[in-house]
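Engineer: Those sequence lines, one after another, are chains A and B. When we follow the working numbering, the leftmost residue of the first sequence carries the number 28, and every step to the right adds one. When we follow the working numbering, the leftmost residue of the second sequence carries the number 591, and every step to the right adds one.
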Amino acid sequence: MDADTTAWESSSVARVVPPARPRKLAKVPFVELAEGRLQGVVSSGSDIDRVYVSSIAAAGHGYNCSTNNNRPCGGLGGAPCKHLRALADEAVLQYGIERVARYLRADVDGAASTGADLIAALSGGREPAPAAIVFSRFLRHLTYLELPVTTEPIPELHWFPATGAAR
Amino acid sequence: MLATPLKELLDQAPDGLPEAFAVVGGFDDALVHGLARLGEERAAALSALAGAVAATPLGERAADAAAKAAAGSVTDDDLAVLAGARAALLGAAHDALLDSLDTALGRTRAPLEPAAAAPPAADPFAGARSWLRELAIAGWRGVDHDLVAAAGQTIEALLDEPRLRRQAALLDGLAAELRACCPVAAMPRPPVRRWADLWTRALLFARPGAAPGIGEDVPSVSGRLFVLGVDVHEHATAVQVQAHGVLEPAGGEPPRLVRTSVAAAKVDTIVGPALWRLFGGYPVLLGALAGRHALEVTGLPLLASGDLIWHDDRAVAGEPFDPFAVARIRLAGALAPAVPALDRHPVRIAEPVLAEDYTIERGERPALRLGEARLEFDLDRLPSCGPLTPELVAASTACIGLVRWDAGRWLLQPLAVAATVKRKPVVAHGGEWATGPTDPKVVKAEARSGDAVAVLRERAGRLLRR
Ligand SMILES: [Zn+2]
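1. Any C-beta of chain A sitting closer than 9 Å to the C-beta of K1034(B)?
2. Let me know if N97(A) comes out buried or exposed under the rule of 16 or more other beta-carbons within 10 Å of its beta-carbon.
3. Kindly list, in the order they appear in chain A, the residues whose Cβ is closer than 8 Å to that of I1061(B).
4. Any Cβ of chain B within less than 9 Å of the Cβ of Q66(A)?
5. Alpha carbon to alpha carbon, how far is P1030(B) from V127(A)? Give it in angstroms, no decimals.
6. Going along chain B in order, which residues have a C-beta closer than 7 Å to the C-beta of T94(A)?
7. Indicate whether the contact test is met: 3 or more Cβ pairs, each with one atom in the stretch 88-106 of chain A and one in the stretch 593-605 of chain B, closer than 8 Å.
8. For a contact meaning CB atoms closer than 8 Å, what does H168(A) contact in chain B?
9. Consider the Cβ of H185(A): report whether some Cβ of chain B lies at a distance smaller than 9 Å.
10. Does the beta carbon of E36(A) sit closer than 9 Å to a beta carbon anywhere in chain B?
11. Could you tell me which of V943(B), A984(B), R632(B) and R920(B) sits nearest to T949(B), measuring between CA atoms?
12. Tell me the start and end of each unbroken beta strand (DSSP E) in the stretch 762-850 of chain B that is at least 3 residues and wholly inside, in chain order.
13. Please give me, in chain order, every unbroken run of the beta strand (DSSP E) with length at least 3 that falls completely inside the stretch 946-975 of chain B.
14. Which word fits E183(A), buried or exposed, when buried means at least 16 other C-beta atoms lie within 10 angstroms of its C-beta?
15. Would the C-beta of G799(B) count as close to ligand 1, meaning under 8 Å from any of its heavy atoms?
16. Could you tell me which chain A residues have their CB closer than 8 Å to the CB of D787(B), listed as they occur along the chain?
17. Tell whether a beta-carbon distance below 9 Å holds between L52(A) and L1046(B).
18. Shorter than 8 Å, the distance from the beta carbon of G102(A) to the closest heavy atom of ligand 1, or not?
19. Taking only three categories from DSSP, how would you classify W900(B)?
20. Would you list the residues sitting across from I990(B) in a DSSP beta bridge?
21. For the beta strand (DSSP E) containing R64(A), list its first residue and its last residue.
22. If we ignore side chains and look at the alpha-carbon of each, how far apart do A1018(B) and A759(B) end up?
23. List, in chain order, every chain A residue whose beta-carbon is nearer than 7 Å to that of Q532(B).
24. Buried or exposed for I146(A), going by 16 or more other Cβ atoms inside 10 Å?
25. With a CB to CB cut of under 6 Å and the five nearest residues on each side skipped, what residues in its chain are close to V733(B)?
26. What is the DSSP secondary structure of H684(B), counted as helix, strand or coil?
27. Could you tell me whether the stretch 719-735 of chain B touches the stretch 824-839 of chain B, where touching means 3 or more Cβ pairs closer than 8 Å?
28. Helix, strand or coil: how does DSSP classify W1000(B) here?
29. Roughly how many angstroms separate the alpha carbons of K1014(B) and A880(B), rounded to a whole number?
30. Check whether chain B comes within 9 Å of E125(A), counting only Cβ atoms and requiring the distance to be less than that.
31. Taking Cβ-Cβ distances below 9 Å as the criterion, which residues of the stretch 49-62 of chain A are in contact with chain B?
32. Is the shortest distance between the beta-carbon of R42(A) and the beta-carbons of chain B less than 9 Å?
33. I'd like to confirm the pairing. Which residues does DSSP put opposite L60(A) in its beta bridges?
34. Less than 9 Å separating the beta-carbons of L679(B) and A792(B)?
35. Within a Cβ cutoff of 7 Å, which residues of the same chain sit near V861(B), ignoring the five residues on either side of it in sequence?
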């Protein structure tokens, strides 16, 4: 075991999850790698009350896209629709292609760098997906922004130093 | 910071420190594999932990809990006792480390007043305790998606109650890391000390009255606050800005080291300078951080821990000042606060200091050299919401920072630096962008990505209340 491994194991503040990279949220407000899928929510370009729920499964790479009211996406034919392509683009921006490809077990080559490269490496077809669950996870995600700011100290957060200045 | 006492601090670890960490390490290893698969060696490690606290009031209970864990019949209370034993050892390590640091800095610390007994409180923590027990039984190696997902509802319920924010932020942070590492069995090496720390802390605070909040009897102070630097804490769903400073109390009492904090819930896509937008309700504090001026405060509660409870409407902007000059004059004589019993852990050591007249040693782990002493910079702790970079630190000639201790070594976390860049003197502070970035490159990048907080608040307004 080398010194770095030992330091990592004996550090109280070892960095486990790299922070998300900043990206524009207007089109795709929510992206996550969770429940065995790359999944997220894409705002409709034409109706501000409508969003699309898009997902790609790690197992088999099956994909789907529907509105939050569970209507199938009209753009979903024999290939991923524009929402799925936007989801892939933004996931690559947020996490980096390496992390997304690893999660999806997608075989991308070293030159791959975009959402399109990721989509090209997928082999699955259209498959049912739990859109309602993904949408409710998005709503839950939004509720964090509704919680009040507190001025009482949270000593526990000393275990979570902010980082990322080495941009 | 002076060279000779610093050298002594760096050269001499407190007595018994390696032994204490060896015992803690044994317990942490048991958590890697899980209490369901203890085996003889790891059962012995639990007995060793109990043995280490044998002379304390926990002693008998700890021995009993270790025996029951070895027999495979551990209860929630047994787990809490083992967590308490681990926390007691690290508390002693904290005390020894902070004591040597205070000696090296010539710092006087207020004595800890005994805490009043917490009034009986409701117990909303049963779900948290049961999840933490399942984690301990499965061990980190046994953590999978289902086990992580099992914490979801518990954390959601804690988040809904503002008074339980501490527990919620801690459990949410731990759960997010476990989720990102699932299945943990496939991980080459889990962060053993860290996860055991978080588990211990979570379990000790998943009890009624463990974090009673601010009582009516907290004294208030008025005076002039000089913020010397900001320390930022962040995980995917929480951010805390903790300003360290010197308070000159009205009425001529001696100056005190204090901290004041604001913390917000957030989501993972709010990062970098956008974080400051979460604190728009605190314009006086943010203005002082960005503008480097003093604050005249009136009637702010001051906890024994040195935490000043911020109220933006009880403060007004004072005169601009030079934090390096104030640090030079005031840090040495200011009274340091006591550390509350449950907060005694090496991770909590964060002592503001001024270092100057040093030379920089570059390399993989840049350090400052002051006489014979070599103190490493903690460059992992430069937040993305401020202008400090490793390059600026490497070009620095003076630094206001926090002395920290982690993984067996002392580190200096820079909060502000004076540096020479292209032969010109520059000064950079972590709080400089509190009212918006000042670096044109960062301003442009922010404009490109848009206001993340505003976008998500619009989505919340439209989709949540239907
Ligand atoms: Zn679609």
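Think of the CB as a built atom: it goes at the ideal place given N, C-alpha and C, for glycine as much as any other residue.
Structural biologist: Taking the definition as stated:
1. For the purposes of this step, residue 1034(B) is taken as the residue at position 444 of the second sequence. No, no contact with chain A.
2. Sequence index remark: in the first sequence, residue 97(A) carries index 70 (1-based). It is exposed - the Cβ of N97(A) has fewer than 16 other Cβ atoms within 10 Å.
3. No answer is possible for residue 1061(B): it lies beyond the span of chain B, which begins at 591 and ends at 1056.
4. Within the first sequence, residue 66(A) is the residue found at index 39, counting from 1. It does not: the Cβ of Q66(A) has no partner Cβ on chain B nearer than 9 Å.
5. Your numbering for residue 127(A) matches position 100 in the first sequence. Your numbering for residue 1030(B) matches position 440 in the second sequence. Taking the straight line joining both Cα atoms gives about 31 Å.
6. Locating residue 94(A) in the first sequence gives position 67, counting from the first residue. Per Cβ cutoff of 7 Å: no residues; T94(A) is ~12 Å from chain B at best.
7. no
8. Against the first sequence, residue 168(A) aligns to sequence position 141. Under the 8 Å cutoff, chain B gives V857.
9. Locating residue 185(A) in the first sequence gives position 158, where the first residue counts as 1. Output row for H185(A): interface = yes.
10. By 1-based counting over the first sequence, the position of residue 36(A) is 9. Yes, E36(A) counts as interfacial toward chain B.
11. By one-based count along the second sequence, residue 949(B) stands at place 359. Checked all of V943(B), A984(B), R632(B) and R920(B); the closest Cα to T949(B) is A984(B).
12. 810-825 and 828-839
13. 949-951, 957-960 and 963-967
14. Indexing the first sequence from 1 puts residue 183(A) at position 156. When all chains shown are included, E183(A) counts as buried.
15. Position 209 of the second sequence, counting from 1, holds the residue named residue 799(B). Outside the cutoff, so no.
16. Counting from 1 along the second sequence, the entry for residue 787(B) is found at position 197. Within 8 Å Cβ-Cβ: S39 and W186.
17. Residue numbering aside, residue 52(A) sits at position 25 when the first sequence is read from its first letter. Residue numbering aside, residue 1046(B) sits at position 456 when the second sequence is read from its first letter. Yes. Within cutoff.
18. The count along the first sequence starts at 1 and reaches residue 102(A) at position 75. Yes, since a heavy atom of ligand 1 falls inside the 8 Å radius drawn around the Cβ of G102(A).
19. Residue mapping note: residue 900(B) aligns to position 310 of the second sequence, counting from 1. Residue state, collapsed to three classes: coil.
20. Position 400 of the second sequence holds residue 990(B). I990(B) is bridged to L944(B) and A1006(B).
21. As a first step, residue 64(A) must be located in the first sequence, where it is residue number 37. Taken as a continuous stretch (DSSP letters only), the beta strand (DSSP E) holding R64(A) covers R64 to S70.
22. Position 428 of the second sequence, counted from the first residue, corresponds to residue 1018(B). Position 169 of the second sequence, counted from the first residue, corresponds to residue 759(B). The straight-line gap from Cα to Cα measures roughly 30 Å.
23. There is no way to answer for residue 532(B), as the model of chain B reaches only from 591 to 1056.
24. As a first step, residue 146(A) must be located in the first sequence, where it is residue number 119. Buried: at least 16 other Cβ atoms inside 10 Å.
25. Taking the second sequence and counting its residues from 1, the one referred to as residue 733(B) is at position 143. Answer for V733(B): L768 and V774, listed in chain order.
26. Along the second sequence, one-based indexing puts residue 684(B) at 94. Looking at H684(B) - three-state DSSP - the assignment turns out to be helix.
27. no
28. Taking the second sequence and counting its residues from 1, the one referred to as residue 1000(B) is at position 410. Strand.
29. Along the second sequence, one-based indexing puts residue 1014(B) at 424. Along the second sequence, one-based indexing puts residue 880(B) at 290. The alpha-carbon atoms of K1014(B) and A880(B) are separated by roughly 21 Å.
30. Position 98 of the first sequence holds residue 125(A). Chain B, which has no Cβ nearer than 9 Å to the Cβ of E125(A), makes this no.
31. P49, R50, K51, L52, A53, P56, F57, V58, E59, L60, A61 and E62
32. Position 15 of the first sequence, counted from the start, is the residue given in the question as residue 42(A). True, the Cβ-Cβ gap to chain B drops below 9 Å.
33. The sequence position of residue 60(A) within the first sequence is 33, counting from 1. BP columns for L60(A) point to L65(A).
34. Here residue 679(B) refers to the residue found at position 89 when the second sequence is read from its first residue. Here residue 792(B) refers to the residue found at position 202 when the second sequence is read from its first residue. Against a cut-off of 9 Å, the Cβ pair of A792(B) and L679(B) comes out as no contact.
35. Here residue 861(B) is taken as the residue at index 271 of the second sequence, counted from 1. Contacts found: S974.
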